[in-house]
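The sequence shown runs 570 to 709 under our numbering. We treat Cβ as the ideally placed atom computed from N, Cα and C, and that holds for glycine. It should be emphasised that the depicted structure is a prediction, and the values quoted were computed from it without experimental measurement.
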Amino acid sequence: HWLAKNSDLARFIYTRLRNAPAMAPAPLVFHDDEREKRQVELLVALTTQLSKEIHNANAKFIVVFAGNLTPEHQAAMGTLREKKIPFVDVTTEVLKSQSSLKNENVYYAYSKHWTPATHQAVAAILTALIEESGACTTTA
570 HWLAKNSDLA RFIYTRLRNA PAMAPAPLVF HDDEREKRQV ELLVALTTQL
620 SKEIHNANAK FIVVFAGNLT PEHQAAMGTL REKKIPFVDV TTEVLKSQSS
670 LKNENVYYAY SKHWTPATHQ AVAAILTALI EESGACTTTA
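If you want it as structure tokens, here you go:
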């Protein structure tokens, strides 16, 4: 804080970064189709096993996809949908379409972390999904 209080340059840089439009993190891009396929297969296998164990314990399970939407995400979502494993898509593209985030940045300008507004939007999405699933209800 001392630097920001005593340096015009530091205040200028901080102000520019704080007000700069947020950039979403770059997606991982693999050029090895076999590797991508194995990654999706592993994710689905682990998720399927976890889902069975949680179901056997009479508990509820929801997979959350976040970050930039990738081909791996899309492939995994399709397979999870086929296996009837519940998931929610809170990838960058979905979050940008949320009315509560229309004039907000999804990510901080200086990092790949969600802003408080994004956390609130995701919480609302998850709350609605949990209530819809009947896993639990909220009380006012």
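Kindly indicate which residue of 646, 620, 674 has the alpha-carbon position closest to the one of residue 687.
For the purposes of this step, residue 687 is taken as residue 118 along the sequence shown, with counting starting at 1. Minimum Cα distance to residue 687 is reached at 674.
Under the assumption that residue 623 contacts residue 698 (Cβ atoms under 8 Å), give the Cβ distance between them as a whole number of angstroms.
Within the sequence shown, numbered from 1, the residue matching residue 623 stands at position 54. Within the sequence shown, numbered from 1, the residue matching residue 698 stands at position 129. Actually they are not in contact, since the Cβ atoms of residue 623 and residue 698 sit about 16 Å apart, beyond 8 Å.
Work out the CA separation of residue 645 and residue 658 for me, nearest whole Å.
Residue numbering aside, residue 658 sits at position 89 when the sequence shown is read from its first letter. Residue numbering aside, residue 645 sits at position 76 when the sequence shown is read from its first letter. C-alpha separation (whole angstroms): 11 Å.
By how many angstroms is the C-alpha of residue 696 removed from the C-alpha of residue 702?
Against the sequence shown, residue 702 aligns to sequence position 133. Against the sequence shown, residue 696 aligns to sequence position 127. Each residue's Cα considered, the two are about 10 Å apart.
Residue 628: which of 640, 636, 610, 619 sits nearest, CA to CA?
Mapped onto the sequence shown, residue 628 falls at position 59. Among 640, 636, 610, 619, the Cα nearest to that of residue 628 is on 619.
Sort 661, 604, 617, 603 by Cα distance to residue 651 and report the nearest one.
Taking the first residue of the sequence shown as 1, we reach residue 651 at position 82. Closest by alpha carbon: 617.
With DSSP as the reference, label residue 647 as helix, strand or coil.
Your numbering for residue 647 matches position 78 in the sequence shown. Helix.
Determine the burial state of residue 633: buried for a count of at least 16 other Cβ atoms within 10 Å of its Cβ, exposed for fewer.
Taking the first residue of the sequence shown as 1, we reach residue 633 at position 64. So residue 633 counts as exposed.
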